[in-house]
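Have a look at the structure below before the remarks.
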Amino acid sequence: MKKLSVKQRVVLFTAGIMVLMVMLVYGILRWSSVHQAERYGSETLRQASRDAEDEIKLRDGMLVLDRDLADIDYASIQIYDSTGRMQYYGPIPAFDAPLAEGKPRRVMGDEGRIWYVYDVLHPVSDSVSVWIRSCMRMDSVMEVENHVHKVFLFMILPLCALGIVGGHLITRRAFAPMTQMAEAAERIAGGDDLKERIGLKNEDEFGKLSQVLDDMLARLEAAFRQEKLFTANASHELRTPLAVIRSQCELGLQEDNDPRAAIMVIAEQEKRLSRLVKELLLLSRMDAHTEKLTLERVDLSALMEAAAEELMPAAQERGLAIKMDISPNCILMGDELRLIGMLVNLLENALRYASSVITVSLCRGADHFVGTVRDDGPGIPPEHLPYIFQRFYQADPARSRESGSSGIGLSLAEWTAKAHGGYIEAQNDGGAVFRFRLPAGTEQS
Amino acid sequence: MRILVVEDEPILNESLKKLLAREGYAVDCCFDGEEARLNFQMTEYDGAVLDIMLPKIDGLTLLREIRSAGNVVPVLLLTARDGIEDRVMGLDAGADDYLVKPFAGEELLARIRAMMRRQANGTPTGRLALADLVVDTGKRQVFRGEKEIFLSSREYSILEYLMRNRGVVLSRQRIEDHIWNYDYEGGSNVVDVYIRKLRKLVDEGCDKKLIHTVRGMGYVLREEA
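Protein chains in written order, with our numbering: chain A, 1 to 445; chain B, 1001 to 1225.
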């Protein structure tokens, strides 16, 4: 059988429950009514029997049946002697049943009517006994029973229908948001536009689900936008040097031109292209998680000192000072090359934006080291702050481009920190502050 | 020191790469003769491990080609063939050494060291010396006078490269080319930082400075400034 949808299952379930409940109630009612009827019957018959006993006497060895027997009109009384010969009868019962002592019982009589019968062998004296039979028709009780049966039988179908319709309406209403979400999601998936959102404002689970999905869509949109930007950037960056190379080749091949000049330009462009290609390959290895660290014992303090000192002449040229506050002998297991790259990148950035001083510090924590590189420049504009570690993100394209920044430096720095099991973050605090944390006994993550 | 591995069998290629990288070499890999030829054209290698049986261009043909083009890079030939004629052919084609598969990793490393020793006109033991600076390429140890200097793997590689080319001014680019392989791209000043660290470890506290900067050109290891 084909699997039913959730809605169908709910509807079937509600209808089923209703039917079940109706049947349960019916069952209880029926059992109790039958029970009740029988009790009523038994009591009445027993009472009649007892009353009859009072009217049976023995006088001079002869049975005397008082006339008061006829007063028992709520049941039919028949008296038989011990041989079974009828001695007295009230209204003649229309059934045939042997005398048998026991509890009041049902007997089927003429025309299908049901009688309740109670037989007692009553000892009048030590030697004489009579049969007292009391009986009554159960018609009226049966009628009530039948009526109830009929009513319930009639009820089942409409109730079932009610259950199905009701269930259907309820589920449709309850699941409406879900249908809405499914439709919106289909539209978004089918189209090219990731700007659309599901936008359900309910306060319930569906509202929450919608919100979560919308957040996810927002992230996807941002990622795709970044991807498009990256592709556009990369292709521009690749095409420009290629165009230059081509035109220089043409120039150089012309008769009256000096090929050497053209070749020199081509050599320059080759370097640029080569660098770009390496960066792209590195990014793709980072994405595929095939880029690994080469670990060895590294003196982080010595690294930071060397990096800071190396950039001092460049700093001085711009009238900047580099201050160092480096805790010595901070040793960890790390990739020296990548760490140097990270430090140099942070310092070069600081150089670009500082106004008078750059501060480099390193201190040790319980099982980690925390380093910072801060400048006293204008800081990072808050609207760019969440994105600066993204690849190719340029907060200030004009300034970065001319100083040769490629756009993946910070992205690589973040990868390096993370690959060591640490992290890097940026804040504004009187200038830009880049803080990184590296675990002391690092394992490759 | 930069090495090219040319081996068409992927698993062996990968093992060779790992083996050599662990020893501190910068390793480039390729899988056929044509790719190898391009690599030889583009980069100056310090050594090469070349399989004879290669697709596109076989090892011996390639070797003859680069030798006649004037490339003197030390080449170790690898092969599964063990006949006398094959060895003779290989060595005559221009190989510096010949190793038959399967081989022990340690033997490969030792033969590569030996082959590069011969190339660098160093002493038979592979110890290179300048003034009181001694670089033992066999044991990868460095001494300045009596004191042993402990260097990180790349610091050592840079020093070894400077030492093998002592007296020659090496540009940043050349140093980069020999210390890390194609894949690395990390930015400019990194070599400078390494040189600075090396100076601190090798030259500091000594009267005679050995590592010098030549403005606009690069770095050189020599006694006089």
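The beta carbon of each residue, even a glycine, is placed where N, CA and C say it ideally should be. Because the structure is a prediction, the values reported are computed rather than measured.
Interface residues of chain A facing Arg1233 of chain B [CB-CB closer than 7 angstroms]: Beyond the ends of chain B as shown, which are 1001 and 1225, falls residue 1233 of chain B; an answer cannot be given.
Alpha carbon to alpha carbon, how far is Ile1195 of chain B from Glu309 of chain A? Position 195 of the second sequence, counted from the first residue, corresponds to residue 1195 of chain B. Position 309 of the first sequence, counted from the first residue, corresponds to residue 309 of chain A. Those two C-alpha atoms are separated by around 12 angstroms.
Given a cut-off of 8 angstroms on the beta-carbon distance, is the pair Phe1040 of chain B and Ile1011 of chain B in contact? As a working note, residue 1040 of chain B is residue 40 in the second sequence. As a working note, residue 1011 of chain B is residue 11 in the second sequence. Cβ atoms of Phe1040 of chain B and Ile1011 of chain B: not closer than 8 angstroms.
Answer yes or no: does any C-beta atom of chain B fall closer than 8 angstroms to that of Gln444 of chain A? Here residue 444 of chain A refers to the residue found at position 444 of the first sequence. At Gln444 of chain A, the pLDDT of 44 sits below 50, so the modelled position is not reliable; the number obtained from the coordinates is stated separately. With 8 angstroms as the cut-off, Gln444 of chain A does not count as an interface residue toward chain B.
Own chain, CB closer than 6 angstroms to Gln444 of chain A, minus 5 neighbours either side, in chain order: Residue 444 of chain A sits at position 444 when you count from the first residue of the first sequence. Its pLDDT being 44, under 50, Gln444 of chain A is placed unreliably in this model, and the coordinates cannot settle the point.
Name, going along the chain, the residues of the segment 1002-1022 of chain B whose beta-carbon falls closer than 8 angstroms to a beta-carbon of chain A. Ala1021
Would you mind reading off the limits of the beta strand (DSSP E) that contains Asp1048 of chain B? Indexing the second sequence from 1 puts residue 1048 of chain B at position 48. Looking at the sequence provided, one finds Ala at residue 1048 of chain B rather than Asp. Unbroken beta strand (DSSP E) run through Ala1048 of chain B: 1047-1051.
Output yes or no for whether 8 angstroms exceeds the beta carbon distance between Gln87 of chain A and Leu121 of chain A. Reading the first sequence from its first residue, position 87 is the one you call residue 87 of chain A. Reading the first sequence from its first residue, position 121 is the one you call residue 121 of chain A. No. Outside cutoff.
In the DSSP assignment, find the beta strand (DSSP E) that holds Cys1029 of chain B and state where it starts and stops. Walking along the second sequence from the start, residue 1029 of chain B turns up at place 29. Unbroken beta strand (DSSP E) run through Cys1029 of chain B: 1026-1030.
Going by DSSP in three states, Pro1010 of chain B sits in which element: helix, strand or coil? Position 10 of the second sequence, counting from 1, holds the residue named residue 1010 of chain B. Of the three classes helix, strand and coil, the one that applies to Pro1010 of chain B here is helix, per DSSP.
Residue of B:Ala1021, B:Gly1167, B:Glu1014, B:Gly1218 minimising C-alpha distance to Arg1154 of chain B: As a position in the second sequence, residue 1154 of chain B is number 154, starting the count at 1. Looking at the Cα atoms, B:Ala1021 is the closest of the given residues.
Comparing alpha-carbon positions, which option in A:Glu101, A:Glu279, A:Ala97 lies nearest Ser49 of chain A? As a position in the first sequence, residue 49 of chain A is number 49, starting the count at 1. The residue with the shortest Cα to Cα distance from Ser49 of chain A is A:Glu101.
Cutoff 8 angstroms; reference Thr442 of chain A; Cβ partners in own chain excluding five residues on either side: Residue numbering aside, residue 442 of chain A sits at position 442 when the first sequence is read from its first letter. Interpretation of Thr442 of chain A is limited by its pLDDT of 49, a score under 50 that renders its predicted location unreliable; the figure taken from the coordinates is listed afterwards. For Thr442 of chain A, where only same-chain residues beyond five positions count, the Cβ hits under 8 angstroms are Leu295, Leu332, Met333, Gly334, His420, Gly421, Gly422.
Which of the residues in the segment 326-338 of chain A, read from start to end, lie with their CB under 9 angstroms from any CB of chain B? Glu336, Leu337, Arg338
What is the DSSP secondary structure of Phe434 of chain A, reduced to helix, strand or coil? Within the first sequence, the letter at position 434 stands for residue 434 of chain A. Residue state, collapsed to three classes: strand.
Between which two residues does the beta strand (DSSP E) carrying Ala48 of chain A extend? If you number the first sequence from 1, residue 48 of chain A lands on position 48. Per DSSP, Ala48 of chain A belongs to no beta strand (DSSP E); it is in the alpha helix (DSSP H), 6-55.
Touch check for the segment 427-440 of chain A and the segment 369-385 of chain A: three-plus C-beta pairs under 8 angstroms? yes
Return the residue from the list A:Tyr387, A:Met342, A:Ile79 that minimises the CA-CA distance to Trp131 of chain A. Counting from 1 along the first sequence, the entry for residue 131 of chain A is found at position 131. Out of A:Tyr387, A:Met342, A:Ile79, A:Ile79 has the C-alpha closest to the C-alpha of Trp131 of chain A.
Given a limit of 8 angstroms on CB to CB distance, which residues of the segment 274-307 of chain A reach chain B? Arg275, Lys278, Glu279, Leu281, Leu282, Arg285, Thr294, Glu296, Arg297, Val298, Ala302, Leu303, Ala306, Ala307
Chain A beta carbons: is any one of them nearer than 8 angstroms to that of Ser1153 of chain B? Working through the second sequence from its first residue, we reach residue 1153 of chain B at position 153. Closer than 8 angstroms: yes.
Which two residues bound the contiguous alpha helix (DSSP H) that contains Asp1192 of chain B? Taking the first residue of the second sequence as position 1, residue 1192 of chain B is located at position 192. Here the alpha helix (DSSP H) through Asp1192 of chain B covers 1190-1202.
Would you kindly work out how many angstroms separate the C-alpha atoms of Glu317 of chain A and Asp258 of chain A, rounded to a whole number? Numbered from 1 along the first sequence, position 317 holds the residue referred to as residue 317 of chain A. Numbered from 1 along the first sequence, position 258 holds the residue referred to as residue 258 of chain A. The alpha-carbon atoms of Glu317 of chain A and Asp258 of chain A are separated by roughly 37 angstroms.
Check whether the segment 162-177 of chain A and the segment 105-119 of chain A touch, using three or more Cβ-Cβ pairs below 8 angstroms as the test. no
So which residues of chain A does Asp1192 of chain B contact, with C-beta pairs closer than 7 angstroms? Counting from 1 along the second sequence, the entry for residue 1192 of chain B is found at position 192. Going along chain A in sequence order, the residues near Asp1192 of chain B (Cβ under 7 angstroms) are Glu310.
Tell me which same chain residues have a C-beta within less than 6 angstroms of the C-beta of Asp350 of chain A, skipping the five on either side of it? As a working mapping, residue 350 of chain A is identified with position 350 in the first sequence. In the sequence on display, residue 350 of chain A carries Ala and not Asp. Within the same chain, Ala350 of chain A has close Cβ partners Ile358, Val373, Asp375.
So that I know if they touch, is there some Cβ in chain B lying closer than 8 angstroms to that of Val6 of chain A? The sequence position of residue 6 of chain A within the first sequence is 6, counting from 1. Not an interface residue.
Can you check whether the C-beta of Asn1189 of chain B is within less than 8 angstroms of a C-beta belonging to chain A? Locating residue 1189 of chain B in the second sequence gives position 189, counting from the first residue. So yes, Asn1189 of chain B belongs to the interface.
8 angstroms is my cut-off, CB to CB: does Gly207 of chain A come that close to chain B? Here residue 207 of chain A refers to the residue found at position 207 of the first sequence. False, the Cβ-Cβ gap to chain B never drops below 8 angstroms.
Between the CA atoms of Met1001 of chain B and Gly1024 of chain B - distance to the nearest angstrom: The sequence position of residue 1024 of chain B within the second sequence is 24, counting from 1. The sequence position of residue 1001 of chain B within the second sequence is 1, counting from 1. Approximately 8 angstroms, taken between the alpha carbons.
Interface residues of chain B facing Val344 of chain A [CB-CB closer than 7 angstroms]: On the first sequence, residue 344 of chain A is found 344 positions in, with the first residue counted as 1. Going along chain B in sequence order, the residues near Val344 of chain A (Cβ under 7 angstroms) are Gly1187, Asn1189, Val1190, Val1193.
What are the boundary residues of the alpha helix (DSSP H) that Pro123 of chain A is part of? In the first sequence, the residue the question calls residue 123 of chain A occupies position 123. Segment 114-123 is the beta strand (DSSP E) holding Pro123 of chain A; no alpha helix (DSSP H) there.
Go to His384 of chain A, then tell me how far its alpha helix (DSSP H) extends in each direction, as first and last residue. In the first sequence, the residue the question calls residue 384 of chain A occupies position 384. That residue, His384 of chain A, is in no alpha helix (DSSP H); it is neither H nor E in DSSP.
Between the beta-carbon of Leu1054 of chain B and the beta-carbon of Asp1086 of chain B, is there less than 8 angstroms? Looking up residue 1054 of chain B in the second sequence gives position 54. Looking up residue 1086 of chain B in the second sequence gives position 86. Taking 8 angstroms as the Cβ cut-off, Leu1054 of chain B and Asp1086 of chain B do not qualify as a contacting pair.
In the DSSP assignment, the alpha helix (DSSP H) including His1212 of chain B goes from what residue to what residue? Numbered from its first residue, the second sequence carries residue 1212 of chain B at position 212. First-last for His1212 of chain B: 1211-1214, but that is the beta strand (DSSP E), not the alpha helix (DSSP H).
Nearest-angstrom Cβ-Cβ length linking Gly1090 of chain B and Leu1099 of chain B, presumed shorter than 8 angstroms: Translated into positions along the second sequence, residue 1090 of chain B becomes position 90. Translated into positions along the second sequence, residue 1099 of chain B becomes position 99. Actually they are not in contact, since the Cβ atoms of Gly1090 of chain B and Leu1099 of chain B sit about 10 angstroms apart, beyond 8 angstroms.
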